[in-house]
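**Q** In full-length UniProt numbering, the protein residues as written are 1 to 172.
We put the beta carbon where it would ideally sit given N, CA and C, even for glycine.
The model shown is predicted, which means the values in this text are computed figures rather than measured ones.
Below: one structure in structure tokens.
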């Protein structure tokens, strides 16, 4: 005599609705949310081009604009990064909007942030440039050739002499 147990099916997890636009995964929010209300991205039938709603954060100011996917990043602003879920992707100004966001996932529409100028980065770049210049200078200097009558170290009569090397590059 056994017991019968009635099992209920677990409700499947609801996935966030998403669609793909020109290779970019667009995750949709409920219509009541402000970001969903701001999104006016659409296909322009006359121009036969996709018009994106884009959020630009430049100098701390946020601006939402509509631009075609064929616009170049450098036309939107200089030194922009695409804000992804947990990081920023540095963008090439010579790429179009469509090329820049292809393969990325965005929430309703892409957000671009202007990269803040970082003085320490420019200092480290100039230091590394001067180091590489000094390395190339030391490599281009030819080493003196040994004297023709000098004996190889294995044939020398006394203990080997200590060799000292000088380097113009400071250790890291």
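(1) Please list, in chain order, all residues of the same chain as residue 100 whose beta carbon is under 6 Å from its beta carbon, the five residues on each side excluded.
(2) Can you name the start and end residues of the alpha helix (DSSP H) that residue 74 belongs to?
(3) Rounded to a whole number of angstroms, what is the C-alpha to C-alpha distance between residue 119 and residue 79?
(4) My understanding is that residue 41 touches residue 52, with C-beta atoms under 8 Å, so please give their C-beta distance in whole angstroms.
(5) Between which two residues does the beta strand (DSSP E) holding residue 55 run?
(6) Taking 7 Å as the cut-off, is the C-beta of residue 76 nearer than that to any heavy atom in the ligand ZN?
(7) Opposite residue 20 in the DSSP bridges: which residues?
(8) Could you round the C-beta distance between residue 70 and residue 49 to whole angstroms and report it? I think they count as a contact, below 8 Å.
(9) Give the secondary structure of residue 104 by DSSP, where H, G and I count as helix, E and B as strand, and everything else as coil.
(10) Where does residue 111 land, buried or exposed, given buried means 16+ other C-beta within 10 angstroms?
(11) For residue 36, which option in 115, 114, 106 and 58 has the closest C-alpha, if you only look at C-alpha atoms?
**A** To lay it out plainly:
(1) Within the chain shown, numbered from 1, the residue matching residue 100 stands at position 100. Closer than 6 Å at Cβ, skipping near neighbours: 73 and 91.
(2) One-based indexing of the chain shown puts residue 74 at position 74. For residue 74, the enclosing alpha helix (DSSP H) begins and ends at 73-76.
(3) As a first step, residue 119 is located in the chain shown; it is residue number 119 there, counting from the start. As a first step, residue 79 is located in the chain shown; it is residue number 79 there, counting from the start. Confidence is the limiting factor: at residue 119 the pLDDT is only 36, short of 50, which leaves the residue's position unreliable and the question unanswerable from this model.
(4) In the chain shown, counting from the first residue as 1, residue 41 sits at position 41. In the chain shown, counting from the first residue as 1, residue 52 sits at position 52. Contact between residue 41 and residue 52 holds: CB atoms are separated by about 5 Å, below the 8 Å threshold.
(5) Here residue 55 corresponds to residue number 55 of the chain shown, with the count starting at 1. For residue 55, the enclosing beta strand (DSSP E) has its first and last residue at 49-58.
(6) With respect to the ligand ZN, the structure shown offers nothing to examine, as it has no ligands at all.
(7) Position 20 of the chain shown, counted from the start, is the residue given in the question as residue 20. Beta-bridge pairing links residue 20 to 25.
(8) Numbered from its first residue, the chain shown carries residue 70 at position 70. Numbered from its first residue, the chain shown carries residue 49 at position 49. About 6 Å separates the two Cβ atoms, so the contact holds.
(9) Indexing the chain shown from 1 puts residue 104 at position 104. Correct three-state label for residue 104: coil.
(10) Residue 111 sits at position 111 when you count from the first residue of the chain shown. Buried: at least 16 other Cβ atoms inside 10 Å.
(11) Mapped onto the chain shown, residue 36 falls at position 36. Answer by Cα proximity: 106.
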